Amino acid sequence: MSIGRDQVLHVANLAEIGVAETELARLVEQLNSIVSYVEQLDQVTDAPAEPFLAGPVAAPLREDVVGPDRLARDPAAFAPEFRDGFFLVPRHGAMEEL
Amino acid sequence: MTATAGTVARDVGARLKAADSLNATLSWSQAALDAEAERVSRLDPNAEASPLYAVPIALKDNLVTTEQPTTCGSRILQGYVSPFTGTAVNRLRNAGAVIACKANLDEFAMGSSTEHSAYGRVKHPLDPERVPGGSSGGSAALVAAGVVPAALGSETGGSVRQPASFCGVVGVKPSYGRVSRYGLVAFGSSLDCISVFGRTVHDAARVLSVMSGPDPLDATTVDRPPLPVPPSRSDLKGLTFGLPKEYFPADLHPGVRAALARTIGAVRELGGSIREVSLPYSRYAVPTYYIIAPAEAAANLARYDGVRYGPRLNGSSGDIRTLYRSTRGHGFGPEVRRRILVGTYVLSAGYYDAYYRKAQTVRALIAQDFQRALGPEGVDLLLTPTTPTPAFKAGEKTEDPVAMYLADIFVCAISLAGLPAMSLPVGRDEGLPIGAQIIAPFFEEARMLSAAAALERVLRPEEEVRA
């Protein structure tokens with residue numbers, strides 16, 4: 115399955131990543147190379163005896179108690195703009211067509 | 090301040106300065122080292138709780154600490170200082186370790202050469218024209234250059250074992266769930282493991298032992314007691330090593346082949362047995378990894394949007410989506426953007442079954458292969474090359490992402506299966522180190538480390554294997 119320029123722009127839009135026009139052709143070429151490489155998995159037709167699960171079979175639950183705030187500093191120290199308990203962002207303009 | 094901790098801080102500072110040309114560090118200062126020494130000097134050097142008293146340890150810069158910036162080698166986190174320190178690092182500090190520095194890495198741990206850092210590439214300590222491997226290349230280079238005896242890295246698909254092999258140091262990836270991921274910046278959450286480099290097997294085992302054990306702050310840690318430092322053994326009697334035939338292809342680099350032949354000879358000399366085994370699905374490990382890891386990365390890296398962390402890049406005006414796209418477009422480097430785009434593509438409507446679900450199926454088949462090979466009817470440990478070649482030259486693979494991905498062909502499958510594995514330096518070819526990989530069953534790190542220590546005593550890793 116090959117990926118065209120419009121599809122790369124669509125995926126970049128979904129991922130909220132700005133892509134410059136000048137880098138688009140190279141990106142289309144590289145993504146096609148990666149996707150065609152991973153498509154060799156189509157050769158596999160077997161099914162595993164059971165699905166793979168990373169980590170413990172049952173996630174342990176800890177006691178449902180409120181612990182102390184572990185943050186060493188206030189979000190104002192690491193967020194670009196923070197005021198009165200809120201992260202500040204530019205206004206939400208008109209959504210462009212997806 | 091005791092002389093020991095203070096002396097260590099000054100000596101490490103001098104060594105970091107001398108190793109500056111490697112570009113292996115992203116942040117360190119003599120003042121921070123002295124503060125660490127001051128803190129450590131308040132601990133009892135002889136206490137059982139201080140097994141790492143005054144041991145300097147470097148941290149890959151995707152491990153958060155409140156004292157130093159954590160950049161993940163990315164512009165998108167330039168200047169970011171975490172409001173908390175991770176569990177593994179806290180355990181090291183409580184055990185007396187002196188945190189030496191934050192080490193350079195491929196951006197967000199995505200890469201196999203440490204050329205994808207926004208802060209410049211790391212140079213191989215033995216040949217500045219070559220790469221140290223990656224993504225934990227800064228940590229590996231600092232141990233190889235003798236700056237620190239141990240360093241933390243992280244593995245998602247081989248990012249400690251591969252640079253350990255290239256740099257000629259020990260690199261140990263524990264079982265998934267052995268060490269808490271709390272405080273490790275997430276890349277591929279079903280794969281990520283904090284891992285360790287050491288000058289020797291014992292150095293690495295000591296650090297791993299302190300870090301290991303369950304953590305209420307990471308629900309994927311397995312509820313088993315911390316790993317004790319394994320007792321050393323003088324022979325390998327009673328142990329059978331499996332050689333998976335798929336890991337010894339006909340076109341394997343001749344130096345790597347010779348180094349493995351020497352290692353197999355050492356296993357036999359020490360009384361161990363050798364048996365050929367097969368892991369047929371390992372040939373699909375790299376393509377499986379390059380679906381699952383980017384998919385998880387696309388989800389994990391969605392949080393870097395210029396709102397809550399790090400700088401806002403060229404996105405102060407306009408609307409919120411302009412802010413997102415501008416910050417992420419300018420903040421992420423080319424490899425991270427490629428992986429986020431691939432991950433978003435394989436998870437998108439209409440493609441999920443063909444790519445992501447398929448990769449999960451193959452991942453289970455890969456894990457099943459290992460369970461069989463290391464099961465009751467199988468062998469005790471597996472032995473393979475860590476990498477298909479010694480360290481390659483800088484720039485050799487940067488233009489071809491798939492060629493770079495294939496540098497991890499022998500390490501990826503183990504990460505997908507969640508097993509413990511390590512790279513042990515076993516010889517050199519034309520001056521470049523070569524590592525052998527030892528793979529153990531789930532939570533059998535002690536068996537792997539004690540066998541590696543026995544081999545370490547008889548192998549001469551600084552000798553040429555084809556001389």
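Protein chains in written order, with our numbering: chain A, 115 to 212; chain B, 90 to 556. Backbone N, C-alpha and C define an ideal beta-carbon position, used for all residues, glycine too. Given the structure is predicted, the values throughout are model-derived calculations rather than measurements.
Hey, out of the options, whose CA is closest to residue i's CA?
i	options	result
B/Leu470	B/Ala453, B/Gly331, B/Gln457, B/Leu454	B/Gly331
B/Leu105	B/Asn179, B/Gly227, B/Pro490	B/Gly227
B/Gln449	A/Val171, A/Arg197, A/Leu155, A/Phe192	A/Leu155
B/Gln119	B/Ser130, B/Gly185, B/Gly102, B/Gly266	B/Gly102
B/Ala186	B/Phe255, B/Pro140, B/Val500	B/Pro140
B/Gly242	B/Val220, B/Asp216, B/Arg270, B/His213	B/Arg270
B/Ser206	B/Asp123, B/Gly222, B/Leu273, B/Arg392	B/Gly222
B/Leu544	B/Leu325, B/Pro490, B/Glu127, B/Pro134	B/Leu325
B/Gly344	B/Arg427, B/Val249, B/Gly302, B/Pro474	B/Pro474
B/Ser110	B/Val236, B/Ala98, B/Asn179	B/Val236
B/Val220	B/Tyr208, B/Pro158, B/Ser201, B/Ser539	B/Ser201
B/Asn151	B/Glu553, B/Ser116, B/Leu513	B/Ser116
B/Gly484	B/Arg313, B/Pro217, B/Ile353, B/Tyr379	B/Pro217
B/Thr114	B/Ile165, B/Ala240, B/Asp292	B/Ala240
Starting from residue i, trace the beta strand (DSSP E) in both directions and tell me its first and last residue.
i	result
B/Ser228	Not the beta strand (DSSP E): B/Ser228 falls in the alpha helix (DSSP H), residues 226-233.
B/Leu325	Looking at the DSSP string, B/Leu325 is not in any beta strand (DSSP E), and its letter there is neither H nor E.
B/Asp518	510-518
B/Val375	Segment 374-389 is the alpha helix (DSSP H) holding B/Val375; no beta strand (DSSP E) there.
B/Ala240	239-244
B/Val261	259-262
B/Glu365	362-366
B/Val285	282-287
B/Leu115	114-116
B/Ala540	Careful: B/Ala540 lies outside any beta strand (DSSP E), inside the alpha helix (DSSP H) at 534-547.
A/Gln157	It is not in any beta strand (DSSP E) - A/Gln157 carries neither H nor E in the DSSP assignment.
B/Leu521	521-528
If I follow the unbroken alpha helix (DSSP H) through residue i, where does it start and stop?
i	result
B/Gly194	Reading the sequence as shown, one finds Leu at residue 194 of chain B and not Gly. Unbroken run through B/Leu194: none, as it is neither H nor E.
B/Arg295	290-300
B/Thr411	409-420
B/Pro343	343-358
B/Pro252	250-256
With a CB to CB cut of under 6 Å and the five nearest residues on each side skipped, what residues in its chain are close to residue i?
i	result
B/Thr487	Glu204
B/Thr91	Here the model assigns B/Thr91 a pLDDT of 49, short of 50, so the residue's position is not dependable and the matter cannot be decided.
B/Arg295	Val318
B/Leu463	Pro530
B/Val375	Tyr494, Ile498, Cys501
B/Ser264	Pro509, Phe531, Phe532
B/Ser301	Arg267, Val268, Pro315, Leu316
Give me the chain C residues within the contact set of residue i, using Cβ-Cβ distance strictly less than 7 Å, ordered along the chain.
i	result
B/Lys447	Within the model displayed, chain C is absent; protein chains A and B are what it includes.
Cutting at 8 Å between CB atoms, please list the residues of its own chain near residue i, excluding the five before and the five after it.
i	result
B/Pro423	His205
For residue i, collect the residues of the same chain with a Cβ closer than 7 Å to its Cβ; drop the 5 residues on either side in sequence, then sort them by chain order.
i	result
B/Ala234	Ala108, Leu111, Pro214
B/Ala198	Asn151, Ser224, Ser243, Thr245, Ser248, Phe276
B/Ser298	Pro315, Leu316, Pro317, Val318
A/Leu212	Only weak support exists for where A/Leu212 lies, its pLDDT of 41 falling under 50; the value from the coordinates is given anyway. Excluding sequence neighbours, A/Leu212 sits near Asn127.
B/Leu436	Ala384, Ala387, Tyr445
B/Gly175	Leu152, Val153, Tyr271, Gly272, Leu273
Near-chain A residues of the segment 153-178 of chain B (beta-carbon distance less than 7 Å), N- to C-terminal order: Thr155, Tyr169, Val170, Pro172, Phe173
Sequence ranges, alpha helix (DSSP H) only - wholly within the segment 428-500 of chain B, length at least 4: Taking only runs of at least 4 residues, the alpha helix (DSSP H) segments lying wholly in the segment 428-500 of chain B are 447-462, 490-494.
Secondary structure, alpha helix (DSSP H): runs of 4+ residues fully inside the segment 115-146 of chain A: 119-128
Completely contained alpha helix (DSSP H) runs for the segment 118-204 of chain B, where each covers 4 or more residues: Runs found: 119-130, 176-183.
Contacting positions in the segment 361-391 of chain B - beta carbon closer than 7 Å to chain A: Tyr373, Pro376, Thr377, Tyr379, Ile380, Ala387
Chain B contacts made by the segment 168-189 of chain A, where a contact means CB separation under 7 Å: Ala168, Gly169, Pro170, Ala173, Pro174, Arg176, Arg184, Leu185, Ala186, Arg187
Under 7 Å (Cβ pairs) to chain A, residues found in the segment 476-499 of chain B: Pro490, Val491
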